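Novice:
Protein chains: 2
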Amino acid sequence: MTTLADHVAFLLACDRLKAVTRSTYLHDGSRPENSAEHSWHAALMAVTLAEHAPAGTDVNRVVRLLLVHDLVEIHAGNLHFAAPEAEHAAQAQAEEQAAHALYGLLPEAQRAEFHALRAEFEARATPEARFARALDALQPVLLTWGGDGLGCAAREPDLTAARVLRLKEGALRDFPALWTLAQDVVARAVASGTLPA
Amino acid sequence: MTTLADHVAFLLACDRLKAVTRSTYLHDGSRPENSAEHSWHAALMAVTLAEHAPAGTDVNRVVRLLLVHDLVEIHAGNLHFAAPEAEHAAQAQAEEQAAHALYGLLPEAQRAEFHALRAEFEARATPEARFARALDALQPVLLTWGGDGLGCAAREPDLTAARVLRLKEGALRDFPALWTLAQDVVARAVASGTLPA
Numbered sequence: 001m002t003t004l005a006d007h008v009a010f011l012l013a014c015d016r017l018k019a020v021t022r023s024t025y026l027h028d029g030s031r032p033e034n035s036a037e038h039s040w041h042a043a044l045m046a047v048t049l050a051e052h053a054p055a056g057t058d059v060n061r062v063v064r065l066l067l068v069h070d071l072v073e074i075h076a077g078n079l080h081f082a083a084p085e086a087e088h089a090a091q092a093q094a095e096e097q098a099a100h101a102l103y104g105l106l107p108e109a110q111r112a113e114f115h116a117l118r119a120e121f122e123a124r125a126t127p128e129a130r131f132a133r134a135l136d137a138l139q140p141v142l143l144t145w146g147g148d149g150l151g152c153a154a155r156e157p158d159l160t161a162a163r164v165l166r167l168k169e170g171a172l173r174d175f176p177a178l179w180t181l182a183q184d185v186v187a188r189a190v191a192s193g194t195l196p197a
Numbered sequence: 001m002t003t004l005a006d007h008v009a010f011l012l013a014c015d016r017l018k019a020v021t022r023s024t025y026l027h028d029g030s031r032p033e034n035s036a037e038h039s040w041h042a043a044l045m046a047v048t049l050a051e052h053a054p055a056g057t058d059v060n061r062v063v064r065l066l067l068v069h070d071l072v073e074i075h076a077g078n079l080h081f082a083a084p085e086a087e088h089a090a091q092a093q094a095e096e097q098a099a100h101a102l103y104g105l106l107p108e109a110q111r112a113e114f115h116a117l118r119a120e121f122e123a124r125a126t127p128e129a130r131f132a133r134a135l136d137a138l139q140p141v142l143l144t145w146g147g148d149g150l151g152c153a154a155r156e157p158d159l160t161a162a163r164v165l166r167l168k169e170g171a172l173r174d175f176p177a178l179w180t181l182a183q184d185v186v187a188r189a190v191a192s193g194t195l196p197a
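Sequence order for the protein chains is A and B. Going by the UniProt record's numbering, the residue at position 143 of the first sequence is 143; the numbering climbs one at a time, nothing skipped. Going by the UniProt record's numbering, the residue at position 39 of the second sequence is 39; the numbering climbs one at a time, nothing skipped.
1) Can you grab the Cα-Cα spacing for the pair H69(A) / L143(B), in whole Å?
2) Where A76(A) and S23(B) are concerned, what is the direct C-alpha to C-alpha distance, given to the nearest angstrom?
3) Less than 9 Å separating the beta-carbons of V62(A) and L178(A)?
4) Which residues mark the beginning and the end of the alpha helix (DSSP H) in which residue 245(A) is found?
5) Using the Cα positions of F81(B) and L167(B), report the straight-line distance between them to the nearest angstrom.
6) Would you check if the distance between the CB atom of L79(A) and the CB atom of E85(A) is smaller than 9 Å?
7) So, does the CB of S192(A) fall closer than 9 Å to a CB anywhere in chain B?
8) Note down, in chain order, every chain C residue with its Cβ under 8 Å from the Cβ of A9(A).
9) Going by C-alpha to C-alpha distance, which of V72(B), R64(B), A53(B), A99(B) sits closest to residue 198(A)?
10) Based on Cα-Cα distance, which residue from A101(B), E37(B), L138(B), T194(B) lies nearest to G149(B)?
11) With DSSP as the reference, identify every bridge partner of N34(A), one or two as the case may be.
12) With DSSP collapsed to three states, give me the class of residue 198(A).
13) Chain B beta carbons: is any one of them nearer than 9 Å to that of D28(A)?
14) Report back the beta-carbon spacing between W40(A) and A36(B) to the nearest angstrom; my notes put them in contact at under 8 Å.
15) Using only the alpha-carbon positions, how far apart do M1(A) and D28(A) sit?
16) Kindly list, in the order they appear in chain B, the residues whose Cβ is closer than 7 Å to that of N60(A).
17) Okay, do the segment 154-163 of chain B and the segment 108-120 of chain B touch, 3+ Cβ pairs below 8 Å being the bar?
18) Between which residues of its own chain and V186(B) is the CB-CB distance below 8 Å, once the five residues before and five after are set aside?
19) With 9 Å as the threshold, decide whether the Cβ of D174(B) is near any Cβ in chain A.
20) Can you round the beta-carbon distance between L26(B) and D15(A) to whole angstroms, since I take them to be within the 8 Å contact cut?
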């Protein structure tokens, strides 16, 4: 029961991810997305787009990586993908501390499991981490400019198609179909006037 | 590319799960939870509480079941767990139609996969579906009355501990540790005055 009490404390702390606001808005533009919703959506993308993972990729592992990849934001907050490099470095340090605070609530065995998932995601070394990061990068592109997406020109007037693609290329270029999709979505947004070239 | 376009249409339709409001509030009582957040939290519970699944349970399958279990609410809405039986029957029919509308957006092969996940969850026949349903039932109990939970007496003055346990028992009693946890959480809520006996 002691162990289960630790699990409950952890799961209730995780509830706060629902209050971490992202810069991405829902597809209908009604409000900013939060990081819990984003994590769910990215995990659902892994299930849906599994065929685009290289052969041998463990998609179940990808799903787990995505379910937990933003948990540290509970303490560290969400950083805009186009933030300056220095802010990304500070964020990485804050997230490291956050991981110890949050995963410290868990029983020992699981603490290691969650730290391992986070380390794998950050290191980008496994096929699973690389596919997870590709989906993590693609999800806001789809929400913002996919389908009849409204874009974000009113909120982020300085964001250009060239800059979006430059910032997304690292995560996506190893997945040709997904990278082509992102480029296509961005090109359509430029054509429709929702994203400056 | 046609297939990928179908995937994008499906994933953007799924975005609307973030606008489906549940009767459960976030643990801090700040606002109602939505079904996308709930799905993420329940899937995270499967990873966290995996040791409480019977030996041989495929926890990765449980995670998938929970990621998609509420998708039909995009068309059918969310029903309160204490709603009358007649409303549950009408909801089941609405969800069946919703599944065909939503999964119809997917390429053929995946359409079958998503229908199979839904059928498995609804039939409660596999260990995976039963564990998924137990977590689905436990999650709002933890949010509402777990830890320093605020309860929901102001919103639902007629809800009693006896009724909560009667409605949760079917999903939870096969998982002794989780069922004991739920009973304990409810007993503490009664003791602290956040839930009438």
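Note that the Cβ used here is the ideal one computed from N, Cα and C, for glycine as well. Just so you know, these numbers come straight off a predicted model, no measurement behind them.
Specialist: This is what the structure holds:
1) The residue given as residue 69(A) occupies position 69 in the first sequence. The residue given as residue 143(B) occupies position 143 in the second sequence. Approximately 22 Å, taken between the alpha carbons.
2) By one-based count along the first sequence, residue 76(A) stands at place 76. By one-based count along the second sequence, residue 23(B) stands at place 23. C-alpha separation (whole angstroms): 29 Å.
3) Stepping through the first sequence from its first residue, residue 62(A) is reached at position 62. Stepping through the first sequence from its first residue, residue 178(A) is reached at position 178. In this structure, L178(A) does not lie closer than 9 Å to V62(A) by Cβ.
4) Here chain A has residues from 1 to 197 only, and residue 245(A) is not among them.
5) Taking the second sequence and counting its residues from 1, one reaches residue 81(B) at position 81. Taking the second sequence and counting its residues from 1, one reaches residue 167(B) at position 167. Using only the alpha carbons, I get a separation of about 8 Å.
6) Residue numbering aside, residue 79(A) sits at position 79 when the first sequence is read from its first letter. Residue numbering aside, residue 85(A) sits at position 85 when the first sequence is read from its first letter. Cβ distance not < 9 Å, so L79(A) and E85(A) don't count as in contact.
7) By one-based count along the first sequence, residue 192(A) stands at place 192. False, the Cβ-Cβ gap to chain B never drops below 9 Å.
8) Among the protein chains in the structure shown, which are A and B, there is no chain C.
9) Outside the displayed range of chain A (1 to 197) lies residue 198(A), so it cannot be described from this structure.
10) Start at 1 with the first residue of the second sequence, and residue 149(B) comes out as number 149. Out of A101(B), E37(B), L138(B), T194(B), T194(B) has the C-alpha closest to the C-alpha of G149(B).
11) Numbered from 1 along the first sequence, position 34 holds the residue referred to as residue 34(A). Per DSSP, T21(A).
12) There is simply no residue 198(A) to check, as chain A begins at 1 and stops at 197 in what is shown.
13) Indexing the first sequence from 1 puts residue 28(A) at position 28. Yes, D28(A) lies at the interface with chain B (some Cβ there is under 9 Å from its Cβ).
14) The residue you call residue 40(A) lines up with position 40 of the first sequence. The residue you call residue 36(B) lines up with position 36 of the second sequence. Sure, about 5 Å apart at Cβ, within 8 Å.
15) Taking the first sequence and counting its residues from 1, the one referred to as residue 1(A) is at position 1. Taking the first sequence and counting its residues from 1, the one referred to as residue 28(A) is at position 28. Reliability of the predicted coordinates at M1(A) is poor, the pLDDT of 49 falling under 50, and the value obtained from them is presented with this limitation in mind. Whole-angstrom Cα-Cα distance: 44 Å.
16) Within the first sequence, numbered from 1, the residue matching residue 60(A) stands at position 60. Per Cβ cutoff of 7 Å: N60.
17) no
18) Against the second sequence, residue 186(B) aligns to sequence position 186. Answer for V186(B): V141, W145, A161, V164, L165, L195, listed in chain order.
19) Indexing the second sequence from 1 puts residue 174(B) at position 174. Chain A, which has no Cβ nearer than 9 Å to the Cβ of D174(B), makes this no.
20) Here residue 26(B) corresponds to residue number 26 of the second sequence, with the count starting at 1. Here residue 15(A) corresponds to residue number 15 of the first sequence, with the count starting at 1. With 8 Å as the limit, L26(B) and D15(A) qualify as a contact, their Cβ atoms being about 6 Å apart.
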